[in-house]
Amino acid sequence: MRIDRLSLEPFDLAPQEQVTMQSGLFTELESKIEGLIEEVELLRLEVSELRQAKQSLEEDRSQNEQSLQRLLGKFERLQESENL
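For the sequence shown, counting from 1, position 38 maps to 38 in the UniProt record's numbering; every step adds exactly one.
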């Protein structure tokens, strides 16, 4: 028994159906691309915000380390003065 193969070639559709199908595909593709572009822009903003937050945290950490070093220096001087 022979099974005829169904042809899915574009020329099997009427020209107007081809245009409508292609137009719909392009519209869908355009919509998806616009969505991806928006998502990339939002991710770039988020990355920028995270970089700023990281910089701020690094500055805070540096200031805290300096303050801690000053306090440790005061404790060391206090301990040295007790040993006199």
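Where is the CB? At the ideal position from N, CA and C, for every residue including glycine.
Note down the Cα distance separating residue i from residue j, rounded to an integer number of angstroms.
| i | j | result |
| --- | --- | --- |
| residue 38 | residue 46 | 12 Å |
| residue 67 | residue 59 | 12 Å |
| residue 78 | residue 52 | 39 Å |
| residue 64 | residue 72 | 12 Å |
| residue 84 | residue 61 | 35 Å |
| residue 82 | residue 69 | 20 Å |
| residue 31 | residue 20 | 16 Å |
| residue 50 | residue 34 | 24 Å |
| residue 54 | residue 36 | 26 Å |
In three-state DSSP terms, what is residue i?
| i | result |
| --- | --- |
| residue 84 | coil |
Tell me which residues share the same chain as residue i and place their Cβ nearer than 8 Å to its Cβ, disregarding the 5 neighbours each side in the sequence.
| i | result |
| --- | --- |
| residue 57 | none |
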